[in-house]
Amino acid sequence: MTATALDAAHAAMLAAPDDDLARLHYYQTLADGELVLVLNREAQGSELDPRLVGIDGLDCVLAFDSEERLAAFSPVPVPYAALPGRVIVAVLAGQGAGIAVNLGEASSWMVTPEAVDWLADALQSRPPVRVGRPADYAAPDLPAPVIAALAAPLRHASGLAERAVLAAVRYRDGGEGHLLAFVSTRPEAQAALARAVSEAVVFSGQPEVVLDVAFLSATAPELAAMDDVGLALAIARRLPAPQAARPRTPAAPGSDPEKPPILR
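Residue numbers (the working numbering): 13 to 276.
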């Protein structure tokens, strides 16, 4: 069976049980990936009825990181829905249910109800977006795990912004920290990119870091000052693969973040 990103994150977490960063990376991978959620019956529109099982005294839903693994687990076909991990976490938050991930596999893991609530809260965090006037900029001085974690929002920015630059900043109101500026960002993508930056800081394991976000035009006067001392962060260009025309199919439950699925 093909190894997955979740397998690698799980193995790294078990190999370093005292490494908080490895554990955070596992939960980040879980949230970013797609999971196959086992249901009691076929989805009815946006309404889902997940199958709950009791494991070690906890009520849990069953989720796998591939249809192949679900098929290996269940000898008979079962209804399911393929959803982003973050969507499953969001709808389970506060319900007292955990997630049994890849049950029966080497990468089997129990996400307890407490962990579900923590992850849902982490995914809802928002970064501060500064509106104050910067006084000056300097070279960034962030811990290496934060710089590494910013790869995620830069990946999300492919096709949404031209580039990004990171600099230390001191504001005229006395505040200071670091500023990540996205350049020539599509307006409709700004909220999603700000959220991705917030998550990157959370999963970097460096909660004390202050990282503000700005969206600048290519001709913004402050951009030249940031470029002089800041760290240029390239955004990879991703060309769409050619696809054959195909009939439209109804959107899967949970695929629209504005219309999350409803769990019974």
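Glycine included, each C-beta is placed from N, C-alpha and C at the ideal position.
Three or more beta-carbon pairs drawn from the region 106-121 and the region 51-71 are found closer than 8 Å, and the two stretches are therefore classed as touching. Residue burial annotation: Gly242 is buried, with at least 16 other C-beta atoms found within 10 angstroms of its C-beta. Residue range 110-113 is occupied by the beta strand (DSSP E) that includes Gly110.
Assignment of Gln107 by DSSP, reduced to helix, strand and coil, places it in the coil class. When DSSP states are grouped into helix, strand and coil, Glu220 belongs to the coil group. Put simply, the region 228-246 touches the region 191-202. At least three CB pairs are less than 8 Å apart.
At least 8 Å separates the beta-carbon of Ala151 from that of Asp129. For Ile67, the uninterrupted beta strand (DSSP E) run begins and ends at 64-67, by DSSP. A straight-line Cα-Cα distance of about 43 Å links Ala24 and Asp185. In this structure, the beta-carbon distance from Ala93 to Glu46 does not fall below 8 Å.
Put simply, of Arg167, Phe227, His168, Arg53 the residue whose alpha carbon is nearest the alpha carbon of Pro89 is Arg53. Assignment of Ala75 by DSSP, reduced to helix, strand and coil, places it in the strand class.
Cβ atoms of Tyr39 and Leu131 come within 8 Å of each other, at about 5 Å. Nearest to Asp153 by C-alpha distance, out of Leu172, Ala180, Ala164, is Ala180.
Segment contact: the region 156-172 against the region 203-214, three or more CB-CB distances shorter than 8 Å; contact assigned.
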